[in-house]
Amino acid sequence: MEITSNFIKTIMEEDLNSGKVDTIITRFPPEPNAYLHIGHARAIITNFELAKHFGGKTNLRFDDTNPVKEDSSFVEAIKKDIEWLGYTPAKVLFGSDYFEDTYELAVKLVKKGLAYVCDLNAEEMKEYRGTLTTPGKESPYRNRSIEDNLRLFGEMKNGKYKDGKKTLRAKIDMSSPNMNMRDPVIYRIIHIEHHNTGNKWCIYPMYDFAHPLQDAFEGVTHSLCSLEYDDHRVLYDWFVEKCEMEHVPHQYEFGRLNITNTIMSKRYLKQLVDENMVRGYDDPRMPTLAGLRRRGYTKDSIINFVLSTGLSRINSTVSNEMLETSLRNDINHKVKRVNAVIDPIKVIVTNYPEDKIEWIEVEYNNDNETLGKRNIAFGRNLYIEREDFLEEKPNKKWKRLSLGLEVRLMHAYFIKCNDVIYNEDGSVKELHCTYDELTKSGSGFDERKPNGNIHFVEATTAIPAKINLFEPLLMDSDAKKDLFSRLNPNSWQTFNGFVEPSLKDTKSLERFQFIRKGYFSTDYDSNKGNYIFNRIVELKSSFN
RNA sequence: UGGGCUAUGGCCAAGUGGUUAAGGCAUCGGACUUUGACUCCGAGAUCGGUAGUUCAAAUCUACCUAGCCCAGCCA
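If you want it as structure tokens, here you go:
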């Protein structure tokens, strides 16, 4: 899918046409402190697709300026996710690669009288900052001499001071209506080992200072970020200008992508994992890219989904059905359509020979003959879906099996239900049916119309399998309630079902349509002794 | 009168003064169907409000209203 028209694409076109830039360079700058989720996909896809569209480049740059939160385990996970999406960064970089240059530029600001060392503690600084409606006060340390500032900043760097004792601040305007301009901190002291630079540094630049400089170092032309950075842009430009950067990058903001029934905050996802409410970041119910991947979503379905939502300066919330539709559209014609019975009831075809098994050759996918054919079995003992039988036809629209009615078993014969055998608890144990030899699929029989068409598997040849069906993790969207009480107890349901024998050699992440039941993917843990399938999405249905 | 941003059908979103305001998702009709799937037809908005500018405005101006963001030594 081609990236559709949006305001950033338009800006890039104009910049290219006017000669303001001669190539497009973007970057995706995740902080390595969490797993990527479907919301991040918009940023990744937008940056890479836009650059690709204009023949430009995209860097992956880990924004690791805060060692307190960051971890190299996330670096690997993020790389893997981006690779999975099919994108190859022009360069893989770290904010920490630039610590030396960033420090030099901070010194430059000090020398220009545009930055100073401040001794205010966090609480005092908050007081001095003022509020949204009242201007702040200037720090008493604001007018230290350049010499003092240089010496003090050097001492900060050399570890003379404990965490929080001093900061380096930009000298801008304490009465600005934009809080970001009220002498923002640009360096703070943190004595913690950094995942990349170890203990080399004990001062770390703040995002607002580091980010524009990194963009400038890399020649980024269009630095894309989310809406909340809008009023940081003036600061961004201030640093680029005052540091006299050769290359001048520009920041553009776009809205975040949210999905109904999907919560994507880092805090929430972490809590789910830490408190074992899910089975890890790659739990198939998680909105993480790792989770979606395990669930069976294809990378193309995710890319097409994101592109189909467009891009604007609005934080949008699109329907989860759009994501599901994207998956269906992607694989409908690509995957085999096979028979699987998820919640089986036994059917005995009483007029079929005891020991006979009949094999019927059937296309894997009527809409894609390149997928080939396989044989499906028919015999005296079958399984059908429990929900495909009701003793009494409930209404005229019922297109399944009922007592006394006839349905076609797809690709095989009509069967008619003559008897229902119940368990002691009243549930259906088995159905006794008869088949009509004349109605064999492909025979052209058309003397009677069946009540419907249902799928089945032959009991003695079918492969037992664990089949996982998923629902949203949360059933209550009220964010004020605690997570536990909002949890959907049915978010993961496992059935002991049966799949047709052609799935014998399936490998993890192979995808299928289980006829009438949805799209499924073979789980990572599936093997020949223990087949496991995950439902990615249901088939669209106008029933119910 | 703190500052900034946004406002097109149920949800996204094209549209940048001049055809009956693209498209997707959802919805509702109908056709087809050995998946209640797929596919195919068909149906729906006058563009947050008001007042202006103009021969002509969703597109320009003013005012109003509503929503979102900002007071981390987080990003």
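The first sequence maps to residues 5 to 548 in our numbering. Just so you know, even glycine gets a beta-carbon here, dropped at the ideal spot from N, CA and C. Just so we're clear, the structure is a prediction, and the values are computed from it rather than from any experiment.
Spatially closest choice to residue i from the options, by CA coordinates
i, options, result
"Leu413", "Ile364, Glu395 and Asn372", "Ile364"
"Tyr523", "Lys141, Asn538 and Arg260", "Asn538"
"Gly117", "Pro468, Arg65, Asp187 and His254", "Asp187"
"Ala381", "Val339, Ser445, Leu293 and Ser512", "Ser445"
"Ile306", "Leu478, Ile150 and Met326", "Met326"
"Ser489", "Glu6, Met281, Met268 and Glu248", "Met281"
"Glu328", "Tyr91, Lys340 and Lys303", "Lys303"
"Ile335", "Asn372, Phe11 and Ala45", "Asn372"
"Lys24", "Pro253, Lys400, Met249 and Tyr132", "Pro253"
"Asp167", "Lys175, Ile176 and Tyr191", "Tyr191"
"Lys274", "Ile263, Thr292 and Glu434", "Thr292"
"Ile467", "Val345, Asp67, Phe157 and Phe243", "Val345"
"Lys397", "Asp26, Val353, Met290 and Asn455", "Asn455"
"Asp105", "Pro209, Ala94, Lys83 and Gly163", "Pro209"
"Lys403", "Glu389, Asn457 and Gly430", "Asn457"
"Tyr145", "Glu441, Tyr165, Gly163 and Tyr120", "Tyr120"
Distance between residue j and residue i (C-alpha atoms, nearest Å)
i, j, result
"Val351", "Phe393", "11 Å"
"Ser77", "Asp287", "18 Å"
"Ser143", "Met129", "8 Å"
"Ile361", "Asn379", "11 Å"
"Leu124", "Thr171", "8 Å"
"Met160", "Lys246", "22 Å"
"Glu230", "Asp219", "Residue identity check: residue 230 is Ser in the sequence provided, not Glu. Cα-Cα distance, rounded: 16 Å."
"Gln517", "Thr374", "16 Å"
"Arg271", "Pro493", "21 Å"
"Thr62", "Leu487", "38 Å"
"Phe418", "Pro505", "22 Å"
"Thr137", "His41", "36 Å"
"Asp527", "Thr465", "22 Å"
"Gly202", "Phe58", "39 Å"
"Glu35", "Ile193", "19 Å"
"Leu513", "Pro181", "53 Å"
"Asn427", "Glu367", "37 Å"
"Val277", "Arg283", "7 Å"
"Ile471", "Lys338", "21 Å"
"Ser447", "Asn369", "20 Å"
"Arg148", "Met178", "16 Å"
"Leu478", "Asp67", "31 Å"
"Val322", "Lys340", "30 Å"
"Phe547", "Leu331", "20 Å"
"Gly430", "Val411", "24 Å"
"Tyr132", "Asn324", "45 Å"
"Pro476", "Ala55", "35 Å"
"Met268", "Met290", "9 Å"
"Asp234", "Asn10", "18 Å"
"Phe32", "Phe258", "14 Å"
"Lys377", "Leu507", "13 Å"
"Cys421", "Val432", "13 Å"
Check: residue i C-beta below 6 Å from any heavy atom of the ligand ADP
i, result
"Gly300", "What this structure holds is no ligand at all, so the ligand ADP is not there to describe."
Contact set for residue i: own chain, Cβ-Cβ below 8 Å, skip 5 residues either direction
i, result
"Ala463", "Lys350, Gly383, Asn385, Leu386, Tyr387 and Phe502"
"Ile15", "His226 and Tyr256"
"Ala81", "Tyr39, Leu40, Tyr285 and Ala294"
"Ile150", "Val114, Lys115 and Gly117"
Residues of its chain near residue i, where Cβ-Cβ distance is below 6 Å and the 5 sequence neighbours each way are ignored
i, result
"His459", "Asn343, Met414, Ile519 and Arg520"
"Gly223", "Ile29 and His251"
"Glu127", "none"
"Met5", "Asn308 and Leu311"
"Tyr91", "Phe52"
"Met249", "Ala220"
"Ala38", "Lys270"
"Asn200", "Phe98 and Ser100"
"Asp85", "Leu40 and Leu293"
Spatial neighbours of residue i in its chain, beta-carbon cut-off 7 Å, leaving aside the 5 residues before and after
i, result
"His236", "Asn184 and Asp212"
"Asn355", "Thr438 and Tyr439"
"Arg298", "Asp286, Pro288 and Tyr528"
"Pro216", "Tyr240, Phe243, Val244 and Pro253"
"Val485", "Rather than Val, the amino acid found at residue 485 in this sequence is Lys. Within the same chain, Lys485 has no close Cβ partners at all."
Beta-carbon gap between residue i and residue j smaller than 7 Å
i, j, result
"Val114", "Leu154", "yes"
"Thr96", "Leu64", "Strictly speaking, residue 96 in this sequence is Val, with Thr absent from that position. A contact, by the Cβ cut-off of 7 Å."
"Phe309", "Trp205", "no"
"Thr135", "Gly99", "no"
"Leu407", "Glu395", "yes"
"Ile196", "Val72", "yes"
"Arg515", "Leu261", "no"
"Gly314", "Thr8", "yes"
"Asp359", "Phe499", "no"
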